[in-house]
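Chains as they are written, first to last, in this note's numbering: chain F, 24 to 360; chain B, 24 to 360.
Protein chains: 2
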Amino acid sequence: MLTNRQLQILQVIVDDFIATAQPVGSRQIAKKEGIPFSAATIRNEMADLEDLGFLEKTHTSSGRVPSEKGYRFYVDHLLKPQVITTQDIKAIQSLFQDRVIETEQVIRKSASILSDLTTYTSIILGPDVQLHKVKQFAIVSLTADSAVAIIVTDNGHVENRLISIPKNYSPSDIEKVVNILNDRLVGVPLEQLQNKLEQEAATVIKQHLGAYEGLLSSIFDIHKYQGEGKIYYGGKTNMLNQPEFHDLNKVRMLMELMERTSQIQSIFPLDETGIHIRIGSENSHLAMEDCSVITASYSVGSEQKGSIAIIGPTRMDYKRVVSILDFMTNEFTKRIW
Amino acid sequence: MLTNRQLQILQVIVDDFIATAQPVGSRQIAKKEGIPFSAATIRNEMADLEDLGFLEKTHTSSGRVPSEKGYRFYVDHLLKPQVITTQDIKAIQSLFQDRVIETEQVIRKSASILSDLTTYTSIILGPDVQLHKVKQFAIVSLTADSAVAIIVTDNGHVENRLISIPKNYSPSDIEKVVNILNDRLVGVPLEQLQNKLEQEAATVIKQHLGAYEGLLSSIFDIHKYQGEGKIYYGGKTNMLNQPEFHDLNKVRMLMELMERTSQIQSIFPLDETGIHIRIGSENSHLAMEDCSVITASYSVGSEQKGSIAIIGPTRMDYKRVVSILDFMTNEFTKRIW
DNA sequence: TATTAGCACTCCTCTATAGTGAGTGCTAAC
DNA sequence: GTTAGCACTCACTATAGAGGAGTGCTAATA
Numbered sequence: 024m025l026t027n028r029q030l031q032i033l034q035v036i037v038d039d040f041i042a043t044a045q046p047v048g049s050r051q052i053a054k055k056e057g058i059p060f061s062a063a064t065i066r067n068e069m070a071d072l073e074d075l076g077f078l079e080k081t082h083t084s085s086g087r088v089p090s091e092k093g094y095r096f097y098v099d100h101l102l103k104p105q106v107i108t109t110q111d112i113k114a115i116q117s118l119f120q121d122r123v124i125e126t127e128q129v130i131r132k133s134a135s136i137l138s139d140l141t142t143y144t145s146i147i148l149g150p151d152v153q154l155h156k157v158k159q160f161a162i163v164s165l166t167a168d169s170a171v172a173i174i175v176t177d178n179g180h181v182e183n184r185l186i187s188i189p190k191n192y193s194p195s196d197i198e199k200v201v202n203i204l205n206d207r208l209v210g211v212p213l214e215q216l217q218n219k220l221e222q223e224a225a226t227v228i229k230q231h232l233g234a235y236e237g238l239l240s241s242i243f244d245i246h247k248y249q250g251e252g253k254i255y256y257g258g259k260t261n262m263l264n265q266p267e268f269h270d271l272n273k274v275r276m277l278m279e280l281m282e283r284t285s286q287i288q289s290i291f292p293l294d295e296t297g298i299h300i301r302i303g304s305e306n307s308h309l310a311m312e313d314c315s316v317i318t319a320s321y322s323v324g325s326e327q328k329g330s331i332a333i334i335g336p337t338r339m340d341y342k343r344v345v346s347i348l349d350f351m352t353n354e355f356t357k358r359i360w
Numbered sequence: 024m025l026t027n028r029q030l031q032i033l034q035v036i037v038d039d040f041i042a043t044a045q046p047v048g049s050r051q052i053a054k055k056e057g058i059p060f061s062a063a064t065i066r067n068e069m070a071d072l073e074d075l076g077f078l079e080k081t082h083t084s085s086g087r088v089p090s091e092k093g094y095r096f097y098v099d100h101l102l103k104p105q106v107i108t109t110q111d112i113k114a115i116q117s118l119f120q121d122r123v124i125e126t127e128q129v130i131r132k133s134a135s136i137l138s139d140l141t142t143y144t145s146i147i148l149g150p151d152v153q154l155h156k157v158k159q160f161a162i163v164s165l166t167a168d169s170a171v172a173i174i175v176t177d178n179g180h181v182e183n184r185l186i187s188i189p190k191n192y193s194p195s196d197i198e199k200v201v202n203i204l205n206d207r208l209v210g211v212p213l214e215q216l217q218n219k220l221e222q223e224a225a226t227v228i229k230q231h232l233g234a235y236e237g238l239l240s241s242i243f244d245i246h247k248y249q250g251e252g253k254i255y256y257g258g259k260t261n262m263l264n265q266p267e268f269h270d271l272n273k274v275r276m277l278m279e280l281m282e283r284t285s286q287i288q289s290i291f292p293l294d295e296t297g298i299h300i301r302i303g304s305e306n307s308h309l310a311m312e313d314c315s316v317i318t319a320s321y322s323v324g325s326e327q328k329g330s331i332a333i334i335g336p337t338r339m340d341y342k343r344v345v346s347i348l349d350f351m352t353n354e355f356t357k358r359i360w
């Protein structure tokens with residue numbers, strides 16, 4: 024158990040280091056307001072805090088720096104939720120100014136606002152299309168042998184694919200297919216589309232029209248519909264302004280990580296709601312050893328939810344980021360669009 | 024006019040520097056095969072080439088490095104078109120293996136292949152949607168007061184917008200609107216859609232249905248259709264492997280440039296076809312002082328064309344990039360999709 | 001006259017050295 | 001239990017010298 028004084032000192036050190044990125048020395052702390060102990064006392068306490076694993080030194084005679092465990096403790100016990108400033112509120116609410124609100128646009132803009140407000144990199148995972156349900160099918164012919172298949176979901180998302188039309192199909196045949204699809208498959212979530220198609224629609228279509236393989240196999244290729252919860256980025260270059268990323272190698276690794284869609288998705292906690300903080304190696308990605316990731320989920324309308332992540336150095340301003348994320352996800356959830 | 028010997032020396036210097044990124048010294052050149060002159064002779068020639076502005080020194084006693092003018096001369100007069108290797112051909116043709124060929128996917132994959140083959144960054148400007156012509160309209164209702172408006176173009180591109188439905192509109196009213204639109208506006212290029220809408224469809228709709236403002240003004244907001252020729256990137260981090268980008272600042276500026284859609288578009292020559300090379304300051308972007316950009320345009324099917332750009336250091340392997348771009352745009356144009 | 005060998009000179013790069021200052025750990029006094 | 005004092009550590013900076021790659025110029029050579 025830490026004493027009050029130790030708590031106070033740990034807090035000051037973390038806050039100071041977050042602000043300055045410089046190792047914090049005992050004299051520096053002693054000079055702070057609200058600290059009535061001498062530098063020597065603080066040195067003793069710091070030595071204890073280091074023994075307990077909360078602090079580290081960069082070299083024998085340097086000031087102290089929070090360890091991962093130190094940040095973890097800070098986040099778990101010392102983080103008082105900060106009230107969000109009216110400025111930040113204004114910035115975030117500017118998102119909803121436009122009359123016509125469109126999901127993709129709002130998300131894109133959100134990513135950019137988030138990275139501006141926090142000075143870190145933001146990543147937003149769009150609503151998972153897989154869970155949307157089919158509202159309507161349509162097929163629009165382009166040429167004799169090609170057409171566009173369109174699926175509109177209940178949330179207004181539109182998926183479309185180029186398909187080739189079998190030679191023996193007439194326009195009215197296509198119309199029939201569309202009718203059958205609309206008849207049988209409306210209300211089915213995209214993730215189950217392929218299954219249901221095979222179970223329910225395929226035989227019917229075969230009965231009416233004979234071979235359908237060429238036409239439909241490609242439309243409903245499930246892998247292509249893994250819209251995967253589209254990923255939006257904001258402030259990718261913000262990292263470059265952080266002193267901990269003056270190392271080209273780290274930058275490269277991080278950037279490469281962000282180019283890999285699959286890896287980026289793994290930084291989001293699978294099923295969790297609320298705000299999550301992962302610090303340094305907790306991310307279990309070599310490239311993010313020195314990063315912390317704060318994630319939050321939002322729900323749009325009823326169920327479908329997406330996630331927001333802020334990536335910054337472990338030395339990130341947790342207070343601020345948490346309060347901004349909290350406010351933003353609430354706004355997202357509150358507005359119905 | 025340069026002598027043969029000067030040409031030969033300039034060529035060797037540029038080739039060597041492109042390969043090694045190290046300033047080239049006279050002894051080094053003298054040792055090369057096919058160079059029968061002594062180092063001293065070469066030194067004299069190099070001094071002359073420097074006076075003429077083709078070479079530079081990094082400091083008084085360093086070897087020579089090509090100047091911008093040197094690269095320009097090299098590109099204009101010394102660049103022998105290199106035959107593309109079968110390996111590269113294979114890699115590029117792998118693009119067209121899939122049966123169902125989809126524009127967006129092919130382009131995305133192209134960007135990635137290009138950056139892999141060249142080790143530089145690739146940027147592809149997709150076909151300009153503005154020039155596509157309307158093939159069909161559709162409006163799919165979602166809730167009582169919202170719907171999705173869909174426009175399919177003759178090239179199979181699908182644009183869609185969330186719109187809100189005026190309270191007094193019934194489903195059959197919406198059907199009427201769609202019919203009118205399909206009646207009057209099919210065949211119109213997207214860029215003229217707003218105009219034509221106002222001229223031809225608006226009054227008709229008004230006659231039939233009264234006020235239509237709320238419904239249509241948002242659908243056809245021309246600015247939102249500036250699909251702008253979507254931009255696809257490949258190998259954004261490849262720069263980081265180039266020794267000339269060990270400077271954090273340069274990297275930042277370049278990355279920031281690439282985040283700005285509008286600026287990126289300005290690197291493409293406006294109306295030109297064929298392959299264009301811009302070297303260093305010819306790009307007139309501070310961030311690209313040390314970059315060369317090679318652009319090429321491709322046409323898909325009939326007229327609509329997009330562009331491809333490769334961004335690398337001025338010390339880029341022009342021979343190779345040109346041959347790859349040339350082959351690739353030809354493939355693009357050849358295949359009809 | 002064109003080419004080349006030779007040599008002095010320049011300047012980058014690397015290494016070693018010393019000096020400075022911030023910060024610590026420990027001891028002894030309060 | 002707290003604090004002042006002091007020796008010690010170590011990063012950082014500046015300086016100097018050695019080594020080496022490369023040049024420019026001069027004079028000899030073909």
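All residues carry an ideal CB built from backbone N, CA and C; glycine is no exception.
Local Cβ density within 10 Å of residue i, reported as buried at 16 or more and exposed below that
i: Ser307(F); result: exposed
i: Leu213(B); result: buried
i: Gln265(B); result: buried
i: Pro59(F); result: exposed
i: Asn27(F); result: exposed
i: Ala42(B); result: exposed
i: Thr166(B); result: exposed
i: Asn183(F); result: buried
i: Ser193(B); result: exposed
i: Asn261(F); result: buried
Cβ of residue i within 8 Å of any chain F Cβ
i: His269(B); result: yes
i: Thr260(B); result: yes
i: Val209(B); result: no
i: Leu216(B); result: no
i: Ile302(B); result: no
i: Ile130(B); result: no
i: Lys158(B); result: yes
i: Ser117(B); result: no
i: Leu13(B); result: A question about residue 13(B) goes unanswered here, because the residues of chain B that appear run from 24 up to 360.
i: Met311(B); result: no
Residue-chain proximity (residue i, chain B), Cβ-Cβ < 8 Å
i: Ala161(F); result: yes
i: Val274(F); result: yes
i: Lys9(F); result: With chain F running from 24 to 360 in the structure shown, residue 9(F) is simply not present.
i: Val175(F); result: yes
i: Glu125(F); result: yes
i: Val227(F); result: no
i: Leu165(F); result: yes
i: Val106(F); result: no
i: Val98(F); result: no
i: Val171(F); result: yes
Proximity test, residue i beta-carbon vs the ligand ADP heavy atom, cut-off 7 Å
i: Pro194(F); result: No copy of the ligand ADP occurs in the structure displayed, which carries no ligand at all.
Quiz prompt | Short-range partners of chain F found in the region 276-297 of chain B, where Cβ spacing is below 7 Å | solution = Met278, Glu279, Glu282
Quiz item: Unbroken beta strand (DSSP E) runs of length 3 or more, entirely within the region 94-142 of chain F: which are they?
Solution: none
Self-check item: Contacting positions in the region 178-190 of chain B - beta carbon closer than 8 Å to chain F
Solution: Asn178, Gly179, Val181, Asn183, Arg184, Leu185, Ile186, Ser187
Practice problem: Taking 8 Å as the threshold, find out whether the region 144-162 of chain F comes into contact with the region 174-190 of chain F through three or more Cβ pairs. | Solution: yes
Practice problem: Tell me, please, whether the region 138-145 of chain F touches the region 172-179 of chain F by the rule of three or more beta-carbon pairs shorter than 8 Å. | Solution: no
Quiz item: Counting Cβ pairs, one atom from each stretch, are 3 or more of them under 8 Å apart for the region 116-136 of chain F and the region 94-103 of chain F?
Solution: no
Quiz prompt | In chain order, each beta strand (DSSP E) run of at least 3 residues that lies wholly inside the region 138-176 of chain F | solution = 144-148, 157-164, 169-176
Exercise. For the region 35-104 of chain B, list the alpha helix (DSSP H) runs that are entirely contained and at least 4 residues long, ordered along the chain.
Key: 49-54, 62-74, 91-96
Quiz prompt | Segment contact flag, the region 341-353 of chain B with the region 268-287 of chain B, C-beta cutoff 8 Å, min 3 pairs | solution = no
Quiz prompt | Selection of the region 32-51 of chain F by Cβ proximity to chain B, strictly under 8 Å | solution = none
Quiz prompt | Given 8 Å, three or more beta-carbon pairs between the region 61-81 of chain F and the region 102-114 of chain F | solution = no
Self-check item: Given 8 Å, three or more beta-carbon pairs between the region 86-97 of chain F and the region 38-55 of chain F
Solution: yes
Quiz item: Does the region 147-155 of chain F come within contact of the region 350-360 of chain F, defined as at least 3 CB pairs closer than 8 Å?
Solution: no
Exercise. Would you mind listing the beta strand (DSSP E) stretches within the region 289-336 of chain B that are 3+ residues and don't spill past its ends, in chain order?
Key: 299-302, 314-322, 328-336
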